[in-house]
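The structure appears right after this line, and notes come after that.
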Amino acid sequence: MKVLVIGGNSRLAQAFLRATGSNIQCRIAVREETVSEEQTEIICVTSYSKVPDSAFAGINAVINCVGTMMPPRKGDTLEDVNVSVPVHAAKQAREAGVEHFVQLSSVYVYGETTHINQGASTAPNTMYGRSKLAADNALSDLRRKDFVVTLLRIPILYGRGSPNRLRTLAHWMIHTRFFVTPLKATRRSILHLDNAAKILMAVLEQRPDRIVLASDEQDFNFANLAEAIERHLGRRVHLIRLPNWILAPLRYTLKSTYQRLFSSRFVTRDVLVSSLSLPVNPEEALRDLVSG
């Protein structure tokens, strides 16, 4: 199988490239200023909207790893990066006879929905979520019998020392040794990069023509993180559990901050995902999160 990875220097793309075996040959499209010389078959582009048609020649599947929560370049918009790039690439792929297009989507398309499953309604409440949903809808319209579109909707990615909110939170708890939480436990689905790579390989093999919800085997909560810090670093973290009425001012004055910290969002994993033996188990995932 020959796969074109657009956005080849993203964290997830790099995890996927490390995980591929001899049965998958990869071609990567990267911007010139972020070229990885370690990769052998590279297509350099000035913009991901300008991947040449020749990049799709002889390709069986395309994975789009391009996406951002904030416009990365002057003049770009979320729609340019999150909608125009994948839709244009999918059209190029279909015209070139590629059989399978995989879009890295997000659970942000469900907005404030707490329990996300296949029957959950989309209700994005951020510009990022709306742009990802717009891309998903446009890509779904491109489906046909000989062109499969997989919408892989994933939660926050972490692992391998990559900077993100989870790692920042872990470091805060490590250094302060306390954290304020609501009485009701927060439950958030997360996904380790190496597990995401394994899921991508299964998606390429099985070619599901649908939405695929993916996450780690175990959801994140503050108690598990505090226990992992004590177990692996020997530092006890005190969780100060407060009733909701005390946290109400934060909920209404800094709603986005409250949601990022304390709101629950967990997914029912697709059968494709739940049937896999993922490489990073819950204990290893927590150790990765608190290390470094």
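Under my numbering, the first residue of the sequence shown carries the number 305, and numbering increases by one thereafter.
Here a beta-carbon is modelled for each residue, glycine too, at the ideal position from N, C-alpha and C.
Check	Outcome
Starting from the N-terminal side, write out each stretch of the beta strand (DSSP E) that is 3 residues or longer and does not extend beyond the region 512 to 579.	515 to 517 and 542 to 546
Name the two residues that bound the continuous alpha helix (DSSP H) containing residue 586.	586 to 594
Less than 8 Å between the C-beta atoms of residue 319 and residue 387, yes or no?	no
Go through the region 437 to 520 residue by residue and report every complete run of the beta strand (DSSP E) that reaches 3 residues or more, in order.	452 to 458, 460 to 462, 482 to 486, 494 to 496 and 515 to 517
I'd like to check one pair, residue 446 with residue 512: are the Cβ atoms closer than 8 Å?	no
Does DSSP put residue 397 in a helix, a strand or coil?	helix
According to the neighbour-count rule (16 or more other Cβ atoms, all chains shown, within 10 Å of its Cβ), is residue 396 buried or exposed?	buried
Whole angstroms are fine: how far does the CA of residue 516 sit from the CA of residue 499?	14 Å
Measuring CB atoms only, is the region 313 to 329 touching the region 501 to 509, in the sense that at least three cross pairs come out at less than 8 Å?	yes
Any idea what DSSP makes of residue 321, helix, strand or coil?	helix
Ignore the nearest five residues each way along the sequence and tell me which others in residue 469's own chain have a CB closer than 8 Å to its CB.	460 and 564
List the DSSP bridge partners of residue 408.	456
Using a beta-carbon distance below 8 Å, is residue 384 in contact with chain D?	Although the question refers to chain D, the structure presented lacks it and comprises just one protein chain.
Helix or strand or just coil, what does DSSP make of residue 361?	coil
Quick check on the burial criterion: 16 or more other C-beta atoms within 10 angstroms. Buried or exposed for residue 454?	buried
From the DSSP output, in three-state form, read off residue 316 for me.	helix
Would you call residue 436 buried or exposed, if buried means 16 or more other Cβ atoms sit within 10 Å of its Cβ?	buried
Taking the alpha-carbon of residue 350 as reference, which of 309, 364, 477 and 333 has the nearest alpha-carbon?	333
Decide if the region 403 to 415 is in contact with the region 537 to 551; the criterion is three or more beta carbon pairs, one per stretch, under 8 Å apart.	no
For the candidate residues 371, 355, 361 and 421, whose alpha-carbon lies nearest to that of residue 317?	371
Note down, in chain order, each residue of its chain lying with its Cβ closer than 6 Å to the Cβ of residue 541, except the 5 sequence neighbours on either side.	477, 481, 530 and 533
So, using beta-carbon positions, are residue 583 and residue 521 closer together than 8 Å?	no
Would you check if the distance between the CB atom of residue 501 and the CB atom of residue 323 is smaller than 8 Å?	yes
Go ahead and label residue 419 buried or exposed: buried means 16 or more other beta carbons lie within 10 angstroms of its beta carbon, across all protein chains shown.	exposed
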